[in-house]
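Taken in order, the sequence shown gives residues 34 to 863; the numbers are from this note's numbering.
Here the structure is laid out as C-alpha cells; the discussion comes afterwards.
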Amino acid sequence: MIKKFDKKDEESGSGSNPFQHLEKSAVLQEARIFNETPINPRRCLHILTKIIYLLNQGEHFGTTEATEAFFAMTRLFQSNDQTLRRMCYLTIKEMANISEDVIIVTSSLTKDMTGKEDVYRGPAIRALCRITDTTMLQAIERYMKQAIVDKVPSVSSSALVSSLHMVKMSYDVVKRWVNEAQEAASSDNIMVQYHALGLLYHLRKNDRLAVTKMLNKFTKSGLKSPFAYCMLIRIASKLLDETEGGHDSPLFDFIESCLRNKNEMLAPAVSVLQLFCSSPKAALRYAAVRTLNKVAMKHPSAVTACNLDLENLITDSNRSIATLAITTLLKTGSESSVDRLMKQISSFVSEISDEFKVRCFCFSLYKRAIVDCIISIIEENPESKETGLAHLCEFIEDCEHTVLATKILHLLGKEGPRTPQPSKYIRFIFNRVVLESEAVRAAAVSALAKFGAQNDDLLPSVLVLMQRCMMDSDDEVRDRATFYMNVLQQKQKALNAAYIFNGKDSLPDISIPGLEKSLHQYTLEPLEKPFDMKSVPLATTPITEQKTEIAPISTSKLPEKLAPSRQDIYQEQLAAIPEFQGLGPLFKSSEQVQLTEAETEYVVRCVKHTFARHMVFQFDCTNTLNDQLLQKVMVQMEPSESYEVIHYVPAANLPYSQPGSCYTLVRLPDDDPTAVSCTFSCTMKYLVRDCDPNTGEPDDDGYDDEYVLEDLEVTVADHIQKVLKPNFGAAWEEVGDEFEKEETFALASVRTLDEAVGNIISFLGMQPCERSDKVPENKNSHVLFLAGVFRGGHDVLVRARLALADGVTMQVTVRSGEETVVDVILASVG
34 MIKKFDKKDE ESGSGSNPFQ HLEKSAVLQE ARIFNETPIN PRRCLHILTK IIYLLNQGEH
94 FGTTEATEAF FAMTRLFQSN DQTLRRMCYL TIKEMANISE DVIIVTSSLT KDMTGKEDVY
154 RGPAIRALCR ITDTTMLQAI ERYMKQAIVD KVPSVSSSAL VSSLHMVKMS YDVVKRWVNE
214 AQEAASSDNI MVQYHALGLL YHLRKNDRLA VTKMLNKFTK SGLKSPFAYC MLIRIASKLL
274 DETEGGHDSP LFDFIESCLR NKNEMLAPAV SVLQLFCSSP KAALRYAAVR TLNKVAMKHP
334 SAVTACNLDL ENLITDSNRS IATLAITTLL KTGSESSVDR LMKQISSFVS EISDEFKVRC
394 FCFSLYKRAI VDCIISIIEE NPESKETGLA HLCEFIEDCE HTVLATKILH LLGKEGPRTP
454 QPSKYIRFIF NRVVLESEAV RAAAVSALAK FGAQNDDLLP SVLVLMQRCM MDSDDEVRDR
514 ATFYMNVLQQ KQKALNAAYI FNGKDSLPDI SIPGLEKSLH QYTLEPLEKP FDMKSVPLAT
574 TPITEQKTEI APISTSKLPE KLAPSRQDIY QEQLAAIPEF QGLGPLFKSS EQVQLTEAET
634 EYVVRCVKHT FARHMVFQFD CTNTLNDQLL QKVMVQMEPS ESYEVIHYVP AANLPYSQPG
694 SCYTLVRLPD DDPTAVSCTF SCTMKYLVRD CDPNTGEPDD DGYDDEYVLE DLEVTVADHI
754 QKVLKPNFGA AWEEVGDEFE KEETFALASV RTLDEAVGNI ISFLGMQPCE RSDKVPENKN
814 SHVLFLAGVF RGGHDVLVRA RLALADGVTM QVTVRSGEET VVDVILASVG
C-alpha cells in the first residue's frame with residue numbers, strides 16, 4: 034500500500050546530497066525554533082540532522098555556539114516523538130566534547146533510561162554514559178547494574194558496551210559490576226553474551242590467572258553465541274602465545290574442537306570458502322576466490338583441495354571471478370598442470386610462447402585487474418573519483434593494451450568533466466591522439482568532445498584540439514573530429530546532450546530491420562509530411578551499462594544482414610492478420626505470461642503486444658487431451674477499467690498437442706490517458722468435438738464449452754520501453770522542466786533501500802542509469818535514475834530520491850516532453 038505525503042513540507046535538495054552547501058551560521062539560526070511552542074518534531078528533526086552532518090564533516094563549532102545550540106536542544110525532551118528523541122540522543126553524543134554543562138540533561142536521560150519505553154532505554158544509556166564523568170558515575174551505578182541484567186537484549190547490550198567504554202575512565206567502579214556481567218554472559222541472546230564476555234575479559238586481561246579461570250569456565254560450560262566463541266578463540270590463542278603452550282595444552286584442544294562446531298562461522302575457513310565457490314550468488318563466489326587467492330600466496334598447499342572448484346570458475350560469467358580463479362590456479366598448480374590449464378583458458382590468452390606464457394599472462398591479467406578495481410572503486414565511492422582518475426591517467430601513459438586504453442578514455446570522458454578541475458585531464462587525453470593507435474585516437478576524440486560540451490571555459494581549447502584531429506591520417510578519427518567540431522560550435526545544450534553525451538546519432542534503441550521496413554513503406558506511400566522516427570519500433574535487445582569505448586568499425590566484418598529480433602518477428606506475424614493492419618508499428622511485446630497450471634488439460638500463455646492506441650493479446654494455447662479436438666478457440670476478456678474489447682480472432686482448430694494462437698484486440702481508453710493499468714478476467718471458449726484417441730478422427734457433432742483462466746494484468750511497464758542514458762544529467766537537461774512534476778510517497782511495506790529500488794524498477798519497467806540500481810552499503814538515502822520511452826515515442830525520465838527511516842520514503846520527480854506521460858507515471862505510482 035502506497036501512502037501519499039503532502040509535498041509542501043518536503044525539503045528540496047540539489048543533487049544526491051541535499052546538505053552539501055550547508056552553512057553553520059544558517060543552521061544555528063534555524064536552531065532557534067527549538068524554543069518555539071508547540072514543538073514541531075519534523076522541522077526540529079531536520080535541523081538536528083543538519084547539525085550532526087556538519088559535525089561529521091569536520092565543521093568546527095565554538096564552545097559558546099555549541100553550548101547555546103545544546104541548551105536549546107534540551108527543550109526537545111518535552112516532545113514525545115520517538116524519532117526526535119532518538120535524534121536528540123545522537124546529538125548529545127556528538128556534542129558532548131565541545132559543549133559546556135552537558136550534564137544538565139542527566140536527569141532527562143536517567144528518566145528515559147529507567148522508563149517503560151524500551152525503545153528509549155538503550156540509546157539513553159549510551160548517551161548518558163558518554164557525558165558521565167567519574168564523580169557522577171556512582172550516582173547511576175545502581176541503574177547500570179540493573180540494565181546489564183535487563184531482560185530486553187537491546188538494553189542489556191547497550192549497558193555492557195557502555196560499561197566497556199567506561200573501563201578506561203573508571204576501572205574501579207566498573208569492576209564492581211562483574212557479577213552482573215557474569216549473569217549476562219549466560220544470556221540466550223547471542224549479542225548480549227558476546228558483549229558480556231568482552232567486558233569480562235577487559236576487566237581481567239591484566240590478570241593472567243583470572244583470564245585462565247574465565248577461559249576454563251566458558252570452554253567447559255559452552256556458549257550459544259558464535260561471536261563469543263570467536264572472541265574466546267582469540268583470547269585462548271593470545272594466552273597460548275604468552276605462555277608458550279604446546280599441543281598438549283587444554284587451550285589448544287579447545288581451539289581444535291571449535292573446528293567441529295556446527296556454526297559456519299567456526300568451520301574450517303578453506304572448507305567454507307570451497308562451498309562458497311559454488312554459490313549461486315556472484316558476490317559470495319567473488320569473495321571466496323579472492324580470499325583463496327590471498328591464502329594461496331602464503332599457503333598454496335592449503336588451497337590445492339579447492340582446485341577443481343576453481344577450475345569450474347574459469348568460465349564464470351563474471352570476468353573478475355574468472356580472472357581471480359585463473360591466477361589462484363597458477364599459484365597452486367604443479368608444473369605439469371600449467372599446459373592443461375592454459376588450454377582451458379585459451380579464450381584469455383592467444384599465441385604467447387611457452388617460455389613467457391605464465392609470466393606474460395599473469396602480468397596482463399594483473400593490469401586488467403588493476404583497471405577494473407580502480408573503476409569499481411570510482412563507481413562505488415564518489416569521494417575517491419579524482420584520486421582514481423589520476424591513477425588511470427598515469428596508467429594510460431604507458432599502456433600497450435588498446436582495450437584498456439579505450440576503456441579508460443571512455444571513463445575519463447564520462448567522469449572527468451564533472452570534477453572540480455577538469456582541465457588537468459585534457460593533456461593526458463590529447464597525448465593519446467598524438468601517440469597511440471587509430472582505435473585509441475578515436476576514443477580520445479570522443480572523450481575530448483565531452484569536456485568541451487560540459488565546460489564552457491574549456492570549449493575554445495577543445496575546439497583548437499579538434500581542428501588538429503581533423504587532419505588525422507585515419508578516416509574514423511577525422512570523421513569524429515569533424516562531427517564533434519560542428520556540434521560543439523552550435524553551443525546548444527540539447528545538441529550536446531543528444532549527440533555527444535548520450536549518442537542518439539547512432540540510434541542505439543532503434544530496431545534496424547524495423548527501420549528498413551518503415552522506410553520502405555514510406556517510399557511506397559508518398560506523403561507530404563516528413564518521415565517520423567517515432568513510427569519505427571524500438572530494439573528489444575537487453576540493455577546494459579557495459580558500453581565503453583566506440584572502436585572504429587571494420588566494414589569487412591559487418592554481417593550481410595541483421596537477424597530479426599523477437600519483436601520484429603511478432604510485428605511481421607501481426608501485420609499478416611487483416612484485423613491488425615491499421616494499428617501502426619508495434620511498440621513493445623511482453624514476455625509470456627502463464628494463465629494455467631503446467632499440468633492442466635489446456636495450457637495457455639499470453640503475450641501482450643502494445644501499439645500506440647491499442648493492445649493485442651496473443652494467447653498461445655495447447656490442447657493436452659488426445660480425445661478432443663477444439664475449434665473456434667477464443668479468449669473472452671472482461672476489463673476492470675475503461676479498456677474496450679473490439680475484436681476477437683479465434684484459432685480455427687486446436688488438435689491434440691499442436692499449439693495454436695488466438696488473439697484479442699483491445700482499444701486503450703482515450704478519455705482517460707492515465708488509465709494504463711487494468712486487470713482482465715479471461716475465459717477460454719471453444720467448440721469441443723470428441724475424437725478417437727488412436728486415429729484422431731473427430732465426431733460429426735460438437736458442443737460449446739469454456740475454461741476459466743487466471744486473471745491477466747496490464748501495468749505501466751507494458752507501456753514503457755527501456756532505454757539507456759549513459760549521461761543521465763545531460764538527458765535530464767535536454768528534456769527540460771516544462772512538464773516536470775514531483776510528488777512524495779511512503780512505501781509502507783518496504784523495509785530496505787535495496788528492496789525499494791528493485792520494486793520501483795520492476796514496477797515501472799524502466800532502465801536504471803549510471804549504476805543507480807546499486808545501493809551502497811550502510812546508507813540511509815539513495816537516488817535512483819530511470820529512463821524509458823512511453824508508447825508513442827515519448828522520452829520519460831524519473832529521479833527517485835529514497836530515504837530510509839521507519840520505512841522508505843520516496844520523492845519522485847518525472848520529466849517528459851509530453852505532460853500526459855508525466856501524469857501517467859505519477860498516477861501509476863500513487
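Every residue gets a Cβ at the ideal spot worked out from N, C-alpha and C, and that includes glycine.
Just so it is clear, the structure is predicted and the values come from calculations on it, not from any experiment.
- Item | N- and C-terminal bounds of the beta strand (DSSP E) containing F260 | Here F260 belongs to no beta strand (DSSP E); instead the alpha helix (DSSP H) covers P259 to T276.
- Task: State the Cα-Cα distance for the pair S132 and R175, rounded to the nearest angstrom.
- Result: 27 angstroms
- Message: What does DSSP give as the partner residue(s) for L745 in the beta ladder?
- Response: F713
- Query: Enumerated in chain order, which unbroken segments of the alpha helix (DSSP H) with a length of 4 residues or greater are wholly contained in the segment 399-448?
  - Reply: 418-429 and 435-448
- Message: Spatial neighbours of K238 within its chain, please: C-beta separation below 8 angstroms, excluding the five flanking residues on both sides.
- Response: V244
- So which of Y676, Q661 and N760 has the shortest CA-CA distance to N727? Q661
- Query: P672 bridges to which residues according to DSSP?
  - Reply: F713
- So L232 packs on S189, CB below 8 angstroms; how close in whole Å? Their Cβ separation, rounded to whole angstroms, is 11 angstroms, which puts L232 and S189 out of contact at 8 angstroms.
- Message: Measuring straight from C-alpha to C-alpha, what distance separates R75 and L117?
- Response: 8 angstroms
- Message: Among T167, F644, Q111 and R824, whose alpha-carbon lies nearest the alpha-carbon of S141?
- Response: Q111
- Cross-strand partners of H865 (DSSP beta bridge): For the chain, the structure presents residues 34 to 863; residue 865 sits outside this window and is missing.
- Message: If contacts are defined as beta-carbon pairs under 8 angstroms, then L622 and R599 qualify, I think. What distance do you get, rounded to the angstrom?
- Response: Rather than Leu, the amino acid found at residue 622 in this sequence is Ser. At roughly 7 angstroms, the Cβ-Cβ gap stays under 8 angstroms, so S622 and R599 are in contact.
- D286, enclosing alpha helix (DSSP H) - first and last residue: P283 to C291
- Task: List the endpoints of the continuous beta strand (DSSP E) containing L817.
- Result: S814 to F823
- Task: Would you give the residue range spanned by the alpha helix (DSSP H) that I125 belongs to?
- Result: Q115 to M128
- Message: Give me the residue from L468, F309, F620 and M224 with the minimum Cα distance to K755.
- Response: F620
- Query: Based on Cα-Cα distance, which residue from A438, D507, P453 and S506 lies nearest to A480?
  - Reply: A438
- Could you please give the first and the last residue of the uninterrupted beta strand (DSSP E) stretch that includes I858? Here I858 belongs to no beta strand (DSSP E); instead the alpha helix (DSSP H) covers E852 to V862.
- D505 to P546 span [Cα, whole Å]: 34 angstroms
- Message: For A180, tell me which candidate among V194, M169 and T168 has the shortest Cα-Cα distance.
- Response: V194
- Could you give the residue range of the alpha helix (DSSP H) that holds A64? Element bounds for A64: n/a, residue is neither H nor E.
- With DSSP collapsed to three states, give me the class of F613. helix
- CA nearest to the CA of Y736, picked from S304, Q664 and V640: Q664
- Run of the alpha helix (DSSP H) containing N529, from where it starts to where it stops: K526 to N529
- Please classify N340: does DSSP put it in a helix, a strand, or coil? helix
- Task: Take I85 and list the residues in its own chain whose beta-carbon comes closer than 7 angstroms to its own, dropping the five residues that flank it on each side.
- Result: L123, T124 and E127
- Query: Is I385 helix, strand or coil by DSSP?
  - Reply: Note that I385 scores 37 on pLDDT, short of 50, meaning its location in the model is unreliable and no value can be drawn from it.
- Using DSSP with H/G/I as helix, E/B as strand and the rest coil, what is C77? helix
- Item | Inter-residue Cα distance where the pair is E743 and C715 | 7 angstroms
- For I173, the three-state DSSP class (helix, strand or coil): helix
- In terms of DSSP beta bridges, what is K774 paired with? V847
- Beta-bridge partners of Q754, as assigned by DSSP: V822
- Whole-number beta carbon distance between M264 and Y227, since they are thought to touch under 8 angstroms: 7 angstroms
- First and last residue of the beta strand (DSSP E) that includes C695? G693 to R700
- Task: Measuring alpha carbon to alpha carbon, tell me which of M169, A229 and S187 ends up nearest S203.
- Result: M169
- Candidates E739, C695, V749 and R722: closest to K712 by CA position: Sequence inspection shows Thr at residue 712; the Lys mentioned does not correspond to that position. Among E739, C695, V749 and R722, the Cα nearest to that of T712 is on V749.
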